[in-house]
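**Student:**
Protein chains: 2
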Amino acid sequence: MKEQEVTSASFAVTARNRLKRRHDRGRYDHEAVYAVLDAGFLCHVAYVIDGQPYCTPTIHWREGDWLYWHGSSASRMLRNLKGGTPVCLTVSHLDGLVLARSGFNHSANYRSAICFGTARIIDDPDEKAKALRGVVDRFYPGRAAELRETHAQETKATMVIGMRIEEASAKVRAAGVGDDEEDYGHPVWAGVIPVSTVIGAAEPCPRLLPGMEQTASVASYRVGRRLDETLAEAQLLYEGDTEADELVA
Amino acid sequence: MKEQEVTSASFAVTARNRLKRRHDRGRYDHEAVYAVLDAGFLCHVAYVIDGQPYCTPTIHWREGDWLYWHGSSASRMLRNLKGGTPVCLTVSHLDGLVLARSGFNHSANYRSAICFGTARIIDDPDEKAKALRGVVDRFYPGRAAELRETHAQETKATMVIGMRIEEASAKVRAAGVGDDEEDYGHPVWAGVIPVSTVIGAAEPCPRLLPGMEQTASVASYRVGRRLDETLAEAQLLYEGDTEADELVA
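Residue numbers (our numbering), protein chains in the order written: chain A, 1 to 249; chain B, 1001 to 1249.
#1: Cutting at 6 Å between CB atoms, please list the residues of its own chain near B:V1033, excluding the five before and the five after it.
#2: Rounded to a whole number of angstroms, what is the C-alpha to C-alpha distance between A:V188 and B:P1204?
#3: Whole angstroms is fine: what's the gap from A:L237's alpha carbon to A:A219's?
#4: Please look up how many angstroms separate the CB atoms of B:A1119 and B:Y1047, rounded, as I've assumed it's under 8 Å.
#5: If we define contact as Cβ-Cβ less than 7 Å, is A:I193 a contact residue for chain B?
#6: Please classify A:K156 as buried or exposed, where buried requires at least 16 other C-beta atoms within 10 Å of its C-beta.
#7: Runs of 3 residues minimum, wholly inside the region 38-110 of chain A: which ones carry the beta strand (DSSP E) assignment?
#8: Going straight from the alpha carbon of B:P1125 to that of B:V1160, what length do you get?
#9: What is the DSSP secondary structure of B:D1228, counted as helix, strand or coil?
#10: Quick check on A:E167: does DSSP put it in helix, strand or coil?
#11: Do we get a CB-CB distance below 7 Å when we pair A:P57 with the residues of chain B?
#12: Could you give the DSSP three-state label for A:D29: helix, strand or coil?
#13: Taking the continuous alpha helix (DSSP H) assigned at A:G134, which residues delimit it?
#14: I think A:V136 touches B:V1198, with their Cβ atoms under 8 Å apart; what is that distance to the nearest whole Å?
#15: Is it buried or exposed for A:R27, if we count other Cβ within 10 angstroms and need 16 for buried?
#16: Helix, strand or coil for B:T1155, going by three-state DSSP, please let me know.
#17: Consider the Cβ of A:S92: report whether some Cβ of chain B lies at a distance smaller than 7 Å.
#18: Report the three-state DSSP secondary structure of A:T118 (helix, strand or coil).
#19: Taking A:S217 as part of the alpha helix (DSSP H), name the residues at either end of that continuous run.
#20: Identify each residue in the region 6-35 of chain A for which the Cβ-Cβ distance to at least one residue of chain B is less than 9 Å, and report them in chain order.
#21: Counting only beta-carbon separations shorter than 7 Å, does B:Q1235 have a partner in chain A?
#22: Would B:D1183 and A:R207 qualify as a contact pair, given that the criterion is a beta-carbon distance under 7 Å?
#23: For A:G224, count the other beta carbons within 10 Å of its own beta carbon; 16 or more makes it buried, fewer makes it exposed. Which is it?
#24: Report the three-state DSSP secondary structure of A:E213 (helix, strand or coil).
#25: Can you tell me the Cβ-Cβ gap for A:R79 and A:I49, rounded? I've got them flagged as a contact below 8 Å.
#26: Which residues of chain A have a Cβ atom closer than 8 Å to the Cβ of B:S1112, listed in chain order?
#27: Using only the alpha-carbon positions, how far apart do B:Q1004 and A:G176 sit?
#28: Count the other CB atoms within 10 Å of the CB of B:R1062; is the residue buried (16 or more) or exposed (fewer)?
#29: Determine, using beta carbons only, whether A:Y221 and A:G162 come nearer to each other than 7 Å.
#30: Which value, in whole angstroms, describes the spacing of the CA atoms of A:R138 and A:A234?
#31: From the DSSP output, in three-state form, read off A:A144 for me.
#32: Considering only C-alpha positions, which residue in the set A:V87, A:H186, A:I165 and A:P141 is nearest to A:R101?
#33: Tell me which same chain residues have a C-beta within less than 7 Å of the C-beta of A:V87, skipping the five on either side of it?
#34: So which residues on chain B does A:I199 lean against when the C-beta distance must stay under 7 Å?
#35: Distance check for A:F41 and A:I59, CA to CA, integer angstroms please.
#36: Which residue comes first and which comes last in the beta strand (DSSP E) that contains B:V1198?
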């Protein structure tokens, strides 16, 4: 069992984010939480309307301890909630199927990060511009400058929801089969079947202009490469670019 | 835009499950919803405690229009809620990154199913036995019989949550780049980068007995195969086995 690491760069542990089960798999430090968030393209956002929970898959991006995503079905509700609404945003990666010698000990290897905060519509033009800075470049660093310029009308039509991560936890299982000692003699195959999300061969748009090659930010999404590693690398490059911009400015 | 298919085998469309955006991508029929559910190993469950939403990743399995999963942080709350609690269970698959010529038209290819119901603890012994029938065999059809028999104590210790799907919707984007007509002349690479979750080389437990080979249900998780296809196939085999059992019984 790994000693739980708590540094100054950790989220506070409260009744809301404290792990209810398998404490040994939990971490509350920024590094562990961000590693899971940054390796994911899709997240799931839970929110409540009139007591009814909703769980919406969407694309998220991160700037420091802020998370952003596009307008969801919560948008209309949020329009009327200037103070924002509590949400829980979760990113999960499945890493393996764990087949034990008893049904009870079957499991999965995974990484997940659960983040709590108060979501609100990012309406202020400066704040919105800042939030939208990463929407393309966080995934494909440098690509935004290569695109057709964004029209003011598009920025206006784009609903951006944001929240500061108030509390969070990460949970990881990365281990082999854990059978009961007396079961290892049971005659059945047991083991881990790893799974990973990988990149396939790019399908260029049929209307591509002649000679249009992928630039570095896109070319890093190479055939056969793991998506989680590629996304984590892109986030690091993006953060480096952002810091460089801020030094120049 | 595809004509929306509504057959008798469809979920009712209400304010809760009606798509708020991109109606053209939505389906409400059982077939479309089950296809997304059955191709996934992980789901995300949203529920509410004292107004606070939670979004928990977990493993789900399906029997007809019922969904089951293991006890989550909601368990303690559910213990005191005999009538159950409203939840939203979502399964999502990322199929591709869509890189357009403008930031605004960047997108993703995906399949998602959002299911609404009232979750409760499955406590009744017969109902629990029925719910647990699929917990191994739905993923690895026939494996349960090969395992060390489940102890009564384990069944007791296993918390099973279940819900009938009251309403649901599926949403799919499976398309190329959709740029504005005037942007196709913009000089930048555009296209789709497909992604898929695939199976890696099995890692046998180091304490495997000599000669223990994978049986068919596990061997179908072959290296390089797509996880979603393998899971969907397993569900079909499982349903076939279940029907055969019922005919015999």
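For each residue, glycine too, the CB sits at the ideal point set by N, CA and C.
Values in this document were obtained by computation on a predicted structure and should not be read as measured data.
**Tutor:** On the basis of the coordinates in this document:
#1: A1113, A1168 and A1170
#2: 11 Å
#3: 14 Å
#4: 7 Å
#5: Closer than 7 Å: yes.
#6: exposed
#7: 42-49, 52-63, 66-70 and 85-99
#8: So the two alpha carbons sit approximately 11 Å from each other.
#9: helix
#10: strand
#11: Yes, contact with chain B.
#12: strand
#13: P125 to D137
#14: Actually they do not touch by this definition, with Cβ atoms about 27 Å apart.
#15: Per the 10 Å Cβ criterion, buried.
#16: Helix, per DSSP.
#17: yes
#18: Strand, per DSSP.
#19: A216 to A219
#20: R16, L19, K20 and R21
#21: no
#22: No.
#23: exposed
#24: coil
#25: A:R79 to A:I49, Cβ: 12 Å. No contact.
#26: P57
#27: Note that B:Q1004 scores 48 on pLDDT, short of 50, meaning its location in the model is unreliable; the coordinates nonetheless yield the value given after this. Taking the straight line joining both Cα atoms gives about 45 Å.
#28: buried
#29: no
#30: 6 Å
#31: In the displayed model, A:A144 falls within a helix according to three-state DSSP.
#32: A:H186
#33: V45, A46, Y47, G117, A119 and M163
#34: I1193 and V1195
#35: Their Cα atoms are separated by approximately 6 Å.
#36: Its beta strand (DSSP E) spans residues G1191 to I1199.
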